[in-house]
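Going letter by letter, the sequence shown gives residues 90 to 429 in the working numbering.
Worksheet: the structure to be examined is printed underneath.
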Amino acid sequence: MVLSDVDECLANAKRVPDSSRPYRGKVKGVIRFSVTTAFKRPSIAATILFFTLVGVISNLAVLTVFICHWRSTFRSQYFTFFVLNMIIAGIVYCSTNLWVSVPCTINECPFIRSDGLMITMSTPNTWGYWAYLLSSLTFTIYRFGVFMSSSFGERKSCMQMLLILSWLLPIVITLGSTALGCQKRYNRYSLAYTFDCSNCTIFWGFSFLDFNQYAGQSIPLIMITAYAIILFSVYRNRKTHGGFNRQQSIADAKLAFQFIIICCSQYLSTLLFFIIPKVGYRSDWSVLLMNTIGTINVSINPTVLLLWNQQVRSSALVTFGRRQVRTVTEATAIRSVKPV
Numbered sequence: 090m091v092l093s094d095v096d097e098c099l100a101n102a103k104r105v106p107d108s109s110r111p112y113r114g115k116v117k118g119v120i121r122f123s124v125t126t127a128f129k130r131p132s133i134a135a136t137i138l139f140f141t142l143v144g145v146i147s148n149l150a151v152l153t154v155f156i157c158h159w160r161s162t163f164r165s166q167y168f169t170f171f172v173l174n175m176i177i178a179g180i181v182y183c184s185t186n187l188w189v190s191v192p193c194t195i196n197e198c199p200f201i202r203s204d205g206l207m208i209t210m211s212t213p214n215t216w217g218y219w220a221y222l223l224s225s226l227t228f229t230i231y232r233f234g235v236f237m238s239s240s241f242g243e244r245k246s247c248m249q250m251l252l253i254l255s256w257l258l259p260i261v262i263t264l265g266s267t268a269l270g271c272q273k274r275y276n277r278y279s280l281a282y283t284f285d286c287s288n289c290t291i292f293w294g295f296s297f298l299d300f301n302q303y304a305g306q307s308i309p310l311i312m313i314t315a316y317a318i319i320l321f322s323v324y325r326n327r328k329t330h331g332g333f334n335r336q337q338s339i340a341d342a343k344l345a346f347q348f349i350i351i352c353c354s355q356y357l358s359t360l361l362f363f364i365i366p367k368v369g370y371r372s373d374w375s376v377l378l379m380n381t382i383g384t385i386n387v388s389i390n391p392t393v394l395l396l397w398n399q400q401v402r403s404s405a406l407v408t409f410g411r412r413q414v415r416t417v418t419e420a421t422a423i424r425s426v427k428p429v
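Okay, structure coming up:
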């Protein structure tokens with residue numbers, strides 16, 4: 090197989106896990122895989138495919154529920170639009186694996202012959218990551234605002250601005266970084282999405298990778314803090330106000346706790362993404378984690394919705410034929426914090 094300059098750079102940057110090396114020596118233009126690597130690639134690809142399908146199917150299930158019950162249940166609720174943004178971003182993020190990482194893991198995806206095509210097909214992974222993260226952030230701002238002041242949820246212009254930003258900012262970040270030369274590819278040899286062999290420096294030694302790392306960890310921490318404040322406020326109100334609505338406080342605490350799980354998953358996903366290559370360099374488990382932690386992360390939100398959100402769970406049972414239609418009033422489904 091003849092290597093382009095970029096492929097040669099990627100092959101020399103990080104090699105396939107284990108002692109078997111796909112790019113032997115520094116002779117340009119030839120790659121030889123050992124028998125060990127040839128057997129491992131399909132099993133790694135199968136694992137990536139499994140978690141990818143879990144992510145896609147779980148998000149599609151919630152999307153189907155929203156579509157089927159849009160007019161009767163979800164259209165009038167602002168929280169639905171934020172959740173939809175997260176669901177769509179999760180689908181895009183996971184789906185990229187179907188046409189990039191899975192085929193490139195099995196046999197180096199020979200149908201992707203040009204570097205430009207590889208960049209184009211891998212870039213949705215970046216957009217999906219940022220769209221999911223920023224949709225979660227805008228959702229947190231919305232829910233925190235509603236908890237602190239019920240009038241916040243009535244400000245239509247604020248809701249529209251948050252929804253627009255959750256789409257606009259990921260597009261700007263993705264296209265801007267790519268245009269500046271920080272281009273994402275899937276490394277066929279280390280079996281991971283990477284910005285290697287790209288110019289990711291923004292200014293004064295600060296790179297887009299630094300921005301990814303700091304923003305990817307600080308944003309989930311901000312969201313966790315916001316939900317922790319909600320939990321603390323609920324606990325304090327129960328202690329200091331004898332007439333405080335116990336049922337409402339339980340609902341608020343439960344919903345805040347659900348989203349803390351989602352935020353912790355996002356933080357852990359970003360943290361591991363930068364730690365694993367340093368700790369598990371060239372190991373099989375590191376390759377599997379690098380290719381699955383993101384899809385597991387975006388599967389948490391629909392899983393939480395289907396398991397713990399009564400409104401979504403009831404609608405899902407109706408949609409998939411396990412329960413007869415039962416009207417859930419908005420008054421009982423929406424309290425000071427919108428359900429996740």
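No residue lacks a Cβ here, since even glycine has one placed at the ideal position from N, Cα and C.
If you're wondering where the values come from, they're calculated on a predicted model, not measured in any experiment.
- The C-alpha of L396 lies about 23 Å from the C-alpha of V323.
- Look at R274 here: in three-state DSSP terms it is strand.
- DSSP, read as helix, strand or coil, puts S296 in strand.
- Secondary structure in the segment 147–188: the alpha helix (DSSP H) runs of 4 residues or longer, each lying completely within the stretch, are 167–188 in chain order.
- Put simply, of F321, S211, S307 and A317 the residue whose alpha carbon is nearest the alpha carbon of T283 is S211.
- Under the three-state reduction of DSSP output, I313 falls in the helix class.
- Annotated three-state conformation of I201 is coil, per DSSP.
- About 18 Å separates the beta carbons of L149 and V191, which is beyond the 8 Å limit, so they are not a contact pair.
- Taking the Cα positions, I180 is about 10 Å away from N174.
- Between Y275 and V189, the C-beta gap is smaller than 7 Å, which places the two residues in contact.
- It is roughly 10 Å from the alpha-carbon of Y316 to the alpha-carbon of I230.
- If you ignore the 5 residues before and after G205, its C-beta comes within less than 7 Å of no other C-beta in its own chain.
- In terms of Cβ geometry, I133 and V151 do not form a close pair [threshold 7 Å].
- Closest in C-alpha terms to G144, from the list K367, M312, Y221 and Q400, comes Y221.
- When the five nearest sequence neighbours on each side are left out, the beta carbons in the same chain lying within less than 6 Å of the beta carbon of T141 are those of C183, N186 and T384, in order along the chain.
- The beta-carbon distance between L99 and D285, rounded to whole angstroms, is 6 Å. This is short enough to meet the 8 Å contact definition.
- Here Y282 is bridged, per DSSP, to Y275.
- Below 8 Å, too few C-beta pairs join the segment 256–267 and the segment 341–353 to call them touching: fewer than three.
- It is roughly 24 Å from the alpha-carbon of L378 to the alpha-carbon of S224.
- Contact between V393 and Q347 is confirmed by a C-beta separation of about 5 Å, below the 8 Å threshold.
- Rounded to whole angstroms, I195 and R130 show a C-alpha spacing of 5 Å.
- In chain order, P259 and T263 place their CB closer than 6 Å to the CB of W216, counting only its own chain and leaving out the 5 sequence neighbours on each side.
- A distance of 7 Å or more separates the beta carbons of I382 and C352.
- Under DSSP, T359 forms no beta bridge with any residue.
- Its Cα nearest to that of S255, the residue A178 stands out among V401, I208, W293 and A178.
- When the five nearest sequence neighbours on each side are left out, the beta carbons in the same chain lying within less than 6 Å of the beta carbon of F241 are those of G234 and V235, in order along the chain.
- The distance from the Cβ of S388 to that of S147 is about 5 Å, consistent with a contact at the 8 Å cut-off.
- For T290, the pairing in a beta bridge is given by DSSP as S296.
- For S372, there is no enclosing alpha helix (DSSP H), as DSSP gives it neither H nor E.
- Burial is judged here by how many other beta carbons sit within 10 angstroms of a residue's own beta carbon; V368 has fewer than 16 and is exposed.
- Annotation: the continuous alpha helix (DSSP H) that includes N196 extends over S190 to N196.
- Look at S238 here: in three-state DSSP terms it is coil, with no helix or strand label.
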